[in-house]
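Notes follow the structure.
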Amino acid sequence: KFSFTDPFESCETNAFPPKQSDAAPRYIINLDLPPQERWTKLVTEKKNDVLALIGDIRNLTLSLVGEKVFKVIIDNLDKIATTLPYPFNEEIIGISKASGLNISEATLYNIFYEVFTF
Amino acid sequence: CTSIVAQDTSGHLYHGRNLDFGLFMGWNPKTHTWTIAELLKPLVVQLEWQKGGKTVYESVNYVGYVGIITAVKKGLFTFSLDERFGLNGGFVGLLEWIIFKDYKQKWVSFLTREVMEEAKTYKEAKFMLSHTRLLAPVYFILGGVKSGEGSIITRWRDNFHTDDLLDRMSGSGSWFLVETNYDQWKTPPFFDDRRTPAVHCLNKGGQKNASPKLLYNVLSTRPVLNKLTTYTSLMDVNRGTLGAWLRKCEDPCWPW
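Heads up: the protein sequence lines correspond to chains A and B, in order.
Using our numbering, read the first sequence as starting at 88 and increasing by one per residue.
Using our numbering, read the second sequence as starting at 1150 and increasing by one per residue.
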């Protein structure tokens, strides 16, 4: 299904300019707001997309490690959430409230870099 | 991921990047896509971070992810982050955080938020990104505003190595830096070599043609563009502009 072509075959020369319809939408994050409120508007608007992503990550992790190990991970994520530095901990609480995710899931999403490098 | 910092013949700097994510996280054989990469695309947004009604910096984020992985601070510096894999990586750092309560180390994406909010010069940003103890290894790619201000900061959790623009090294060229997910002083593995085609296409384009157009075209060349690429971003530090576009790599296309 894949074509493992020679990477030197051709350099793209006509991709620019990108289509305006592919541009990511723009939003403002107001740093003057209390951290818990900074993401509320944006996350509420994109709530379904956030839930779909986290749901998939959750199911994937569950299928990989099994239910018992998954519970240990979730319990530890709860611990990690309480020790994250300000204002990020507060922002994650705000994201959790706005999206309906529990704190451990919102934390997993936000520390995914550290988990994934392994 | 692939990040590029390039300087044209007048010393003007451009910074571009592809954000690739979701390897081995659910392949859809019908659509030939990675599940997580596709789920991330609707969450890509360009953010203006404001204080007192003024924009402090701009970034490209996934909604709900509070850290910074692509950003520009107008007139000061541009920034991108590429993943660096390692056994003494995030997992060990995480265990130290949980078991030994080592809260002095920094989470990579939170450090980058601090850099975007606090650093007032390219040098200050470079120092912060180089000298802070981290939970995980990472590549920081930093572009400045003056000619020659560009660097790849290869980070271990405690140590760092810097490759600077105009200091020709094996992984990049004389007027550009290319970082994928491998150390500059090592040859990328044959099964994931996005650096060689990027370097080849930048050299083919030439410094006299260094521009957002060249960077976007290079970042659109397979396998630099691949099935994991969620967005391409272009940044111009002088103008303070940042753009991000969702990507789709039509078949035939490399899975990573």
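We treat Cβ as the ideally placed atom computed from N, Cα and C, and that holds for glycine.
Only a predicted model underlies this, so the values are computations on that prediction, with no experimental measurement involved.
Run through the DSSP bridge pairs and tell me what residue i is partnered with.
i	result
residue 1206/B	1198/B
residue 1227/B	1221/B, 1292/B
residue 151/A	According to DSSP, which records beta bridges pairwise, residue 151/A is partnered with nothing at all.
residue 1109/B	Lying outside 1150 to 1405, the shown extent of chain B, residue 1109/B is not represented and no answer is given.
residue 1161/B	Paired residue(s): none; residue 1161/B is not in a bridge.
residue 1169/B	1378/B
residue 1211/B	1193/B
residue 1283/B	1255/B
residue 1182/B	1177/B
residue 185/A	BP columns for residue 185/A are empty, so no partner.
residue 110/A	1394/B
residue 1232/B	1287/B
Do the CB positions of residue i and residue j come within less than 8 Å of each other?
i	j	result
residue 1209/B	residue 1360/B	no
residue 1389/B	residue 1221/B	yes
residue 1302/B	residue 1326/B	no
residue 196/A	residue 141/A	yes
residue 1179/B	residue 118/A	no
residue 186/A	residue 165/A	no
residue 179/A	residue 1196/B	no
residue 147/A	residue 1384/B	no
residue 1235/B	residue 1191/B	no
residue 1289/B	residue 175/A	no
residue 1306/B	residue 1344/B	no
residue 1229/B	residue 1304/B	no
residue 1377/B	residue 1186/B	yes
residue 1379/B	residue 1189/B	yes
residue 1216/B	residue 1261/B	yes
residue 1329/B	residue 1346/B	no
residue 103/A	residue 1358/B	no
residue 1193/B	residue 139/A	no
With respect to the beta strand (DSSP E) encompassing residue i, which residues constitute its N-terminal and C-terminal limits?
i	result
residue 1153/B	1151-1156
residue 1262/B	No beta strand (DSSP E) holds residue 1262/B; the alpha helix (DSSP H) holding it covers 1257-1267.
residue 1241/B	Careful: residue 1241/B lies outside any beta strand (DSSP E), inside the alpha helix (DSSP H) at 1239-1248.
residue 1252/B	Per DSSP, residue 1252/B belongs to no beta strand (DSSP E) and is neither H nor E.
residue 113/A	113-117
residue 1326/B	1325-1328
Within 10 angstroms of its Cβ, does residue i collect 16 or more other Cβ (buried), or is it exposed?
i	result
residue 113/A	exposed
residue 1248/B	exposed
residue 1396/B	buried
residue 1169/B	buried
residue 1154/B	buried
residue 1387/B	exposed
residue 1252/B	exposed
residue 1363/B	buried
residue 1295/B	exposed
residue 1162/B	buried
residue 1354/B	buried
residue 1151/B	buried
residue 1164/B	buried
residue 169/A	exposed
How far does the alpha helix (DSSP H) with residue i in it extend, from its first residue to its last?
i	result
residue 199/A	199-203
residue 1271/B	1271-1280
Could you work out which residues of chain D lie near residue i, taking near to mean beta carbons separated by less than 9 Å?
i	result
residue 1194/B	Among the protein chains of the structure shown, namely A and B, there is no chain D.
Minimum length 3: unbroken beta strand (DSSP E) runs contained in the segment 1330-1402 of chain B:
Under the rule that a run must span 3 or more residues, the beta strand (DSSP E) segments found entirely inside the segment 1330-1402 of chain B read 1378-1385, 1390-1395.
Please specify which runs of the beta strand (DSSP E), each continuous and at least 3 residues long, are wholly inside the segment 127-176 of chain A, giving them in chain order.
For the segment 127-176 of chain A, not a single whole beta strand (DSSP E) run of length 3 or above is found.
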